[in-house]
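S.K.: First the structure, which I've put down as structure tokens, then a few questions once you've had a look.
Number of protein chains: 2
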Amino acid sequence: MSEAHGVMGDLLQELTKLPGIGPKSAERIAHFLLSGDRRHAKDLARVLLAVAEKIRPCRECFNLTEEELCSICRDPRRDAGLICVVETPRDVNSLERAGTYRGLYHVLGGRLAPLEGMGPERLTFSALVDRVRRGGVREVILATSPTLEGDGTALFAANVLAPTGVTITRLARGLPSGSSLELANAQMLAEALAGRRAF
Amino acid sequence: MSEAHGVMGDLLQELTKLPGIGPKSAERIAHFLLSGDRRHAKDLARVLLAVAEKIRPCRECFNLTEEELCSICRDPRRDAGLICVVETPRDVNSLERAGTYRGLYHVLGGRLAPLEGMGPERLTFSALVDRVRRGGVREVILATSPTLEGDGTALFAANVLAPTGVTITRLARGLPSGSSLELANAQMLAEALAGRRAF
Numbered sequence: 000m001s002e003a004h005g006v007m008g009d010l011l012q013e014l015t016k017l018p019g020i021g022p023k024s025a026e027r028i029a030h031f032l033l034s035g036d037r038r039h040a041k042d043l044a045r046v047l048l049a050v051a052e053k054i055r056p057c058r059e060c061f062n063l064t065e066e067e068l069c070s071i072c073r074d075p076r077r078d079a080g081l082i083c084v085v086e087t088p089r090d091v092n093s094l095e096r097a098g099t100y101r102g103l104y105h106v107l108g109g110r111l112a113p114l115e116g117m118g119p120e121r122l123t124f125s126a127l128v129d130r131v132r133r134g135g136v137r138e139v140i141l142a143t144s145p146t147l148e149g150d151g152t153a154l155f156a157a158n159v160l161a162p163t164g165v166t167i168t169r170l171a172r173g174l175p176s177g178s179s180l181e182l183a184n185a186q187m188l189a190e191a192l193a194g195r196r197a198f
Numbered sequence: 000m001s002e003a004h005g006v007m008g009d010l011l012q013e014l015t016k017l018p019g020i021g022p023k024s025a026e027r028i029a030h031f032l033l034s035g036d037r038r039h040a041k042d043l044a045r046v047l048l049a050v051a052e053k054i055r056p057c058r059e060c061f062n063l064t065e066e067e068l069c070s071i072c073r074d075p076r077r078d079a080g081l082i083c084v085v086e087t088p089r090d091v092n093s094l095e096r097a098g099t100y101r102g103l104y105h106v107l108g109g110r111l112a113p114l115e116g117m118g119p120e121r122l123t124f125s126a127l128v129d130r131v132r133r134g135g136v137r138e139v140i141l142a143t144s145p146t147l148e149g150d151g152t153a154l155f156a157a158n159v160l161a162p163t164g165v166t167i168t169r170l171a172r173g174l175p176s177g178s179s180l181e182l183a184n185a186q187m188l189a190e191a192l193a194g195r196r197a198f
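And the structure:
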């Protein structure tokens, strides 16, 4: 920008902080926001403030919601005996889009990463144990990411849940549906072999 | 989103209006903005409001600025005898990045598109003619897009400027530097041939 200092520079800086937005996209978006009567900039500012004020973690599962309890926790048709433990609210959305899960969720708020200062006290493990202790939960499904840190997080969750006696499961690993053997890496193939089922 | 109604739905809707942002990116950005203490959402809202309030068209050339006159029009080292006519403030940035132009600009505010209701009265042609009439301008370079509408816009500008007697030029057309003949389309090749120069 020829005038990338001042407020325009501030806007570009804020935009490039967004995931997936580089300098070029930021510039394109900034000019879009400033085109015409600036309505787009004002509208976006308005919803950002509304969202920052209204959206909060669900009291029960820590999913994002405008209410005390999120729409999933409020839904009487959901199976309250089943809790799926995920890292982030986005994971809840991914699983909901898959459309086959009918239980509740528990959002940890991230994954354990001790080197980055992400210790268990910053995640919602104790609230999870409290939920299970209150009773009525048959099974806790650990659905953290299939990565080193995700597995560490699941292991930690399994350990803190063990004293409650609840059944603990984790998502299956294997070949991604719709992919091909050619594209699978060694880890994926090893998991697929280890988890093989009767045909 | 499991909670894509309410303010979260509003935020997603505003984000997908931005150029280059689809539903997936919007969701990723929304969750980023809401992560942690919502500081990102509040900061972005703040700069959007500041920008919407402070940024305005330069009195002289209609480039975006926080001042009466933009930094280019204010710069005494720029050649005020040369005006480069572009469609948008982004075009000013592109030319400035190229770094070889030392004259001033004139931002039309778009291109003529009669079918979309973009007539000459919505662009800054009359301010351009006024600038030239005030004197001191040797040459007006038409730098509209190399498209049908851009060419129509340049033709219109040339017509309204003709009575002033100012020298009118347009950017060269030809093969894009760094490309290859293989990738050039018929139009590009025709322009390159028509504009050929002595070696």
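From first to last, the protein sequence lines are chains G and F. Numbering that gives the first Met the number 0 numbers the first residue of the first sequence as 0 and each following residue consecutively. Numbering that gives the first Met the number 0 numbers the first residue of the second sequence as 0 and each following residue consecutively. A virtual CB, placed ideally from N, CA and C, is assigned to each residue, including glycine.
1. Taking ASN83(G) and ALA142(G) to be in contact with their CB atoms under 8 Å, please state how far apart those CB atoms are, rounded to whole angstroms.
2. Mind checking whether the beta-carbon of ARG27(G) lies closer than 7 Å to any heavy atom of the ligand ATP?
3. Under 8 Å, CB to CB, which of the residues in the stretch 66-99 of chain F have a partner in chain G?
4. Out of THR168(F), ALA191(F) and ARG73(F), which one is the CA nearest neighbour of SER179(F)?
5. Compare the C-beta of MET117(G) against all C-beta atoms of chain F and say whether one is closer than 8 Å.
6. Tell me which same chain residues have a C-beta within less than 8 Å of the C-beta of PHE155(F), skipping the five on either side of it?
7. If the cut is a Cβ gap below 8 Å, which residues of chain F does GLY5(G) touch?
8. Could you work out which residue in VAL91(G), GLU66(G), GLU148(G) and ARG137(G) is closest to LEU160(G) when comparing CA atoms only?
9. Please list, in chain order, the residues of the stretch 128-162 of chain G that have any C-beta partner in chain F closer than 8 Å.
10. Please list, in chain order, all residues of the same chain as PRO88(F) whose beta carbon is under 7 Å from its beta carbon, the five residues on each side excluded.
11. Between the alpha carbons of GLN12(F) and ILE71(G), how many angstroms are there, rounded?
12. Go to LEU103(F), then tell me how far its beta strand (DSSP E) extends in each direction, as first and last residue.
13. Who pairs with ILE140(F) in a beta bridge, going by DSSP?
14. Using the beta-carbon of each residue, which ones in chain F are nearer than 7 Å to PRO22(G)?
15. May I ask you to report which of helix, strand or coil DSSP gives THR99(F)?
16. Looking only at its chain, what residues have a beta carbon closer than 8 Å to the beta carbon of GLY80(G), apart from the 5 residues adjacent to it on each side?
M.R.: With the structure as the only source:
1. As a first step, residue 83(G) is located in the first sequence; it is residue number 84 there, counting from the start. As a first step, residue 142(G) is located in the first sequence; it is residue number 143 there, counting from the start. This sequence places Cys at residue 83(G); Asn is not what is there. Going by Cβ atoms, the distance from CYS83(G) to ALA142(G) rounds to 5 Å, so yes, they are a contact pair.
2. Only the bare structure without any ligand can be found here, which leaves the ligand ATP out of the picture.
3. CYS69, SER70, ILE71, THR87, PRO88, ARG89, VAL91, ASN92 and GLU95
4. By 1-based counting over the second sequence, the position of residue 179(F) is 180. The shortest Cα separation from SER179(F) among THR168(F), ALA191(F) and ARG73(F) belongs to ALA191(F).
5. Translated into positions along the first sequence, residue 117(G) becomes position 118. Chain F contact via Cβ: absent.
6. Taking the first residue of the second sequence as position 1, residue 155(F) is located at position 156. For PHE155(F), where only same-chain residues beyond five positions count, the Cβ hits under 8 Å are LEU111, PRO119 and PHE124.
7. As a first step, residue 5(G) is located in the first sequence; it is residue number 6 there, counting from the start. Result: LYS53 and GLU65.
8. As a first step, residue 160(G) is located in the first sequence; it is residue number 161 there, counting from the start. Among VAL91(G), GLU66(G), GLU148(G) and ARG137(G), the Cα nearest to that of LEU160(G) is on ARG137(G).
9. none
10. Locating residue 88(F) in the second sequence gives position 89, counting from the first residue. Excluding sequence neighbours, PRO88(F) sits near ASN62, LEU63 and VAL106.
11. Counted from its first residue, the second sequence places residue 12(F) at position 13. Counted from its first residue, the first sequence places residue 71(G) at position 72. Roughly 22 Å between the two C-alpha positions.
12. On the second sequence, residue 103(F) is found 104 positions in, with the first residue counted as 1. Element bounds for LEU103(F): 102-106.
13. Working through the second sequence from its first residue, we reach residue 140(F) at position 141. For ILE140(F), which the question treats as bridged, DSSP gives the partners CYS83(F) and THR168(F).
14. Within the first sequence, numbered from 1, the residue matching residue 22(G) stands at position 23. What PRO22(G) touches in chain F: nothing, since even the nearest Cβ is about 11 Å away.
15. Along the second sequence, one-based indexing puts residue 99(F) at 100. Coil.
16. Counting from one through the first sequence, the residue named residue 80(G) turns up at place 81. Correct list, in chain order: GLY102, GLY135, VAL136, ARG137 and GLU138.
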